[in-house]
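*Asks:* Protein sequence lines correspond, in order, to chains A and B.
Numbering follows the working numbering, with no gaps: position 39 of the first sequence is 39.
Numbering follows the working numbering, with no gaps: position 433 of the second sequence is 573.
Virtual Cβ for every residue (Gly too), placed ideally from N, Cα, C.
None of these values were measured; they are calculated from a predicted model.
Below: one structure in structure tokens.
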Amino acid sequence: MVTALVLLLVVAAGGLAGRNRAIVWLPATAALAVVVIGAGLVANRFAQRRVRAWGYCEREDDLLVQRGVLITRLSVVPFGRMQFIDVVAGPFERSFGLATVRLHTAAAASDARIPGLGSDEAARLRDHLAELGEAKAAGL
Amino acid sequence: MTALEASGWQRIHPLSPLVRAGAVLLGVIAIFAGSLFKSDHGSGEIEGRLVFGGLIAIWGLVSWLVTRWCVEGGDLRIETGLIRRSSLRIPLSQVQAIDIVRPVLARIFGLSELRLRTGGASESSGRLAYLTAKHAEVTRVQLLALSLNHPSNQSRAQPPSNQGLLVRIGVGQLIASIAVSWLMIVIALLIVALVVTAFIAPGAAISIIGSSGAFTLGLLSAVWHRLNGSFRLTVMEGRDGFQLHSGLLDTTAETIPHGRIQAVRMVQPLLWRPFGWCKLQVDLAGSQRKGGENRAEAKQLRSVLPVGSREDADRLLRRILPDAPIELIPAPLRVRFKSPLRYHNLAWGRSATVVVTTTGRLARVTSWVPLGKVQSLRLVQGPIQRRLRLATIALDTAGRNLALSVRDRDVGEADRVLLELIDSCRDARLNQRRVYPGAS
């Protein structure tokens, strides 16, 4: 949605610059605006579905993370295989008080990632997982 | 304090910079020497070239002087560099295997290189290049002894030793296997096309040859690497693991500890079906690049059987993975709608500690992974799979190159199998820790 609005602003600014064809660009920009905002709303809807489909579960020996709407993925990362945990918060996320927790194993393909956690929950999860990972660590 | 630790700082062989610079330096020297004798330049030119040669020699001398190594406090320390000093410290307890590599130039001078392989996935290499061949072997034995004596490795249980020759690749078979491959077919087609063009339009042919130098060099080097990498390959099983000796001009003696093998793959290419040949490759954790290999080749798996019959492959597999499953369950019929070309090859099976999957469109690719090496599991279901009530289970390992997935199984079966595999992986991990306590 944000991307769509930014794009719209850029197009409008470009249209304003070519002022000598005002009679043409006004309806064209209006049509483009409708399309872009429509696409933004649809993307928003999909984003909402995707967010609702993201879930995680801490079990005794592993962490389950489920995500995806079209392609559903369920990742199982045993605590004994966890190498390190990342908590990342970009500027956008920080302004809402959120963070992303990411687990890493020795395999590059492991993709257990939980975005949009409240910072407290993220910190708690990180510490809890680090503790459990240490306790159950296995060799490579 | 062993003799190695007591001897303090040591130097590598003085000819090492020459060997390291390798063929490039020799080429430059040859060009210089050739042009020196060919035409009569002014005396200033000759002096200029001599000064240049002198500078190179001084650079080699300095690079030799500043490099030194020693064993200190259970670590191997290697220091190099004049302006930017680099000090490498490798804890001997982490060392799993030490390989001896001898490029052709080193063999001419009677030198060899030691490469230390540690358990991590990093590319920083512990390389002692070059020592005299005898010294290298002695040092290797001493370093291995030190690494095993370390307290954290004391309780490492020795797997049953079987000092036996497992596989030896004959020269004829290797050459035949390279000849009957897609690479060779491409080269043959190119040569035929070139010859035809030469008859029709000689000028065009010459210009093509001239401009495609890099391409042909790439093709030739690919063929050369296949030949050299597996020439007279012998695989033996010893106490430390599998020992592979190979090489035509550049020889390598490599040891692969049992614990380092993350996955095994057998490929039966379409072209080899009439001969009944297959190749067996292993995926290792933390593979290091060989000197002179570019990135693309480093991504390839280590070939323990570049070409062989099914019996050879089965025999080797039984030593690598004693618990390999025998029965395979084929994919459900409805997978034909989703993957018509792959359907006849899709199957999987499991034993208590190993999972096997087969896949592949033209070639049949069989992959084994020991459950103790699985890092994480993923259950993936795309939209077409959802319509057909299928799902895929992916098993991730620490090796870089093999992606193992149990493709396109029935949803109920996939869910049940996922839970079973989680428990089996946990048990396999705990058992592994008991057998190889400090191991990778």
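1. From which residue to which residue does the beta strand (DSSP E) around Gln402(B) run?
2. Helix, strand or coil: which one does DSSP assign to Pro472(B)?
3. Please classify Gly512(B): is it buried, with 16 or more other beta-carbons within 10 angstroms of its beta-carbon, or exposed?
4. Is Ser580(B) helix, strand or coil when you go by DSSP?
5. Can you tell me the Cα-Cα spacing of Arg459(B) and Gln408(B), whole angstroms?
6. Going along the chain, which residues of the region 546-574 of chain B sit with their C-beta nearer than 8 Å to a C-beta in chain A?
7. Starting from Val595(B) and walking both ways along the alpha helix (DSSP H), at which residues does that stretch end?
8. Measuring alpha carbon to alpha carbon, tell me which residue in Ile186(B), Ala554(B), Leu457(B) and Glu451(B) is nearest Trp508(B).
9. Could you tell me the boundaries of the beta strand (DSSP E) in which Leu329(B) lies?
10. For Trp364(B), report the span of its alpha helix (DSSP H) as first-last.
11. Is there a Cβ of chain B sitting closer than 8 Å to that of Thr100(A), yes or no?
12. Can you pull the chain A residues whose beta carbon is under 8 Å from the beta carbon of Gly522(B), in chain order?
13. Hey, quick one: how far does the beta strand (DSSP E) through Lys419(B) stretch, first residue to last?
14. Rounded to a whole number of angstroms, what is the C-alpha to C-alpha distance between Gln428(B) and Gly148(B)?
15. Which of helix, strand or coil does DSSP assign to Thr279(B)?
16. Does any CB atom of chain B fall closer than 8 Å to the CB of Leu74(A)?
17. Tell me whether Lys419(B) is buried or exposed, calling it buried when 16 or more other Cβ atoms sit within 10 Å of its Cβ.
18. Would you decide whether Ala333(B) is buried or exposed? Buried here means 16 or more other CB atoms lie within 10 Å of its CB.
19. Taking the straight line between their C-alpha atoms, what separation do you get for Gly167(B) and Gly200(B)?
20. Put Ser585(B) into one of helix, strand or coil per three-state DSSP.
21. Relative to the C-alpha of Thr258(B), which residue among Arg527(B), Trp412(B) and Gly399(B) is closest?
22. Give me the chain A residues within the contact set of Thr537(B), using Cβ-Cβ distance strictly less than 7 Å, ordered along the chain.
23. Which residue from His385(B), Leu330(B), Leu305(B) and Ala403(B) puts its Cα closest to that of Met376(B)?
24. Between Val546(B) and Ile533(B), how many whole angstroms is the CB-CB distance? I'm expecting something under 8 Å.
25. Exposed or buried, which one is Glu394(B) when buried takes at least 16 other CB atoms within 10 Å?
26. Ends of the alpha helix (DSSP H) at Gln313(B)?
27. Tell me, please, whether the CB atom of Gly80(A) is closer than 8 Å to any CB atom in chain B?
28. DSSP on Ile533(B), reduced to helix/strand/coil?
29. Between the region 492-523 of chain B and chain A, which residues of the former have CB atoms less than 7 Å from a CB of the latter, in chain order?
30. Applying a beta-carbon distance threshold of less than 8 Å, which residues of chain B neighbour Val88(A)?
31. Determine the chain B residues that contact Trp77(A) at a beta-carbon separation under 7 Å, and present them in chain order.
32. Which whole-angstrom value describes the C-beta separation of Ala503(B) and Leu486(B), a residue pair presumed to lie in contact below a C-beta threshold of 8 Å?
33. State the Cα-Cα distance for the pair Arg50(A) and Phe96(A), rounded to the nearest angstrom.
34. Are any of the Cβ atoms in chain A nearer than 8 Å to that of Ala403(B)?
35. Can you give the beta carbon distance from Thr272(B) to His153(B), rounded, assuming they're within the 8 Å contact cut?
36. So with CB distances below 7 Å, who are the chain A contacts of Ala237(B)?
*Replies:* Inspection of the coordinates gives the following:
1. Ile401 to Gln408
2. Looking at Pro472(B) - three-state DSSP - the assignment turns out to be coil, as it is neither helix nor strand.
3. buried
4. Bear in mind that a pLDDT of 40 at Ser580(B), under 50, signals an unreliable position, so the model cannot answer this.
5. Answer to the nearest angstrom: the Cα atoms are 20 Å apart.
6. Within the region 546-574 of chain B, the residues whose Cβ lies closer than 8 Å to some Cβ of chain A are Leu558, Ile562, Cys565, Arg566, Arg569, Leu570, Gln572 and Arg573, listed in chain order.
7. Outside the displayed range of chain B (141 to 580) lies residue 595(B), so it cannot be described from this structure.
8. Leu457(B)
9. For Leu329(B), there is no enclosing beta strand (DSSP E); the enclosing alpha helix (DSSP H) covers residues Trp322 to Ile340.
10. Trp364(B) -> alpha helix (DSSP H) spans Gly353 to Gly369.
11. no
12. Leu70 and Ile71
13. Trp417 to Leu424
14. Confidence at Gln428(B) is low in this model, with a pLDDT of 46, below 50, so its placement is unreliable and no value can be given for it.
15. Thr279(B) carries a helical assignment under DSSP once its states are collapsed to helix, strand and coil.
16. True, the Cβ-Cβ gap to chain B drops below 8 Å.
17. Residue environment for Lys419(B): buried (at least 16 other C-beta atoms within 10 angstroms of its C-beta).
18. Exposed, because fewer than 16 other Cβ atoms sit within 10 Å of the Cβ of Ala333(B).
19. When rounded, the distance between both Cα atoms is 16 Å.
20. Limits of chain B in this structure are 141 at one end and 580 at the other, which puts residue 585(B) out of reach.
21. Gly399(B)
22. The contacting residues are Ala107.
23. Closest in alpha carbon position to Met376(B), among His385(B), Leu330(B), Leu305(B) and Ala403(B), is Leu305(B).
24. Between the beta-carbon of Val546(B) and that of Ile533(B) there is about 4 Å, and that keeps the pair under the 8 Å contact cut.
25. buried
26. Val311 to Ala319
27. yes
28. In the three-state reduction of the DSSP assignment, Ile533(B) falls in the strand class.
29. Taking 7 Å as the cut-off between beta carbons, the residues of the region 492-523 of chain B near chain A are Gln515, Ser516, Leu517, Arg518, Leu519, Val520, Gln521, Gly522 and Pro523, in sequence order.
30. Residues of chain B passing the Cβ test: none, with the nearest at roughly 19 Å.
31. The sequence shown places Val at residue 77(A), rather than the Trp named in the question. Residues of chain B passing the Cβ test: Ser516.
32. Wrong, their Cβ atoms sit about 14 Å apart, outside the cutoff.
33. 19 Å
34. no
35. In this structure Thr272(B) is in contact with His153(B), their Cβ atoms being roughly 6 Å apart against a cut-off of 8 Å.
36. Within 7 Å Cβ-Cβ: nothing; Ala237(B) doesn't reach chain A, min ~14 Å.
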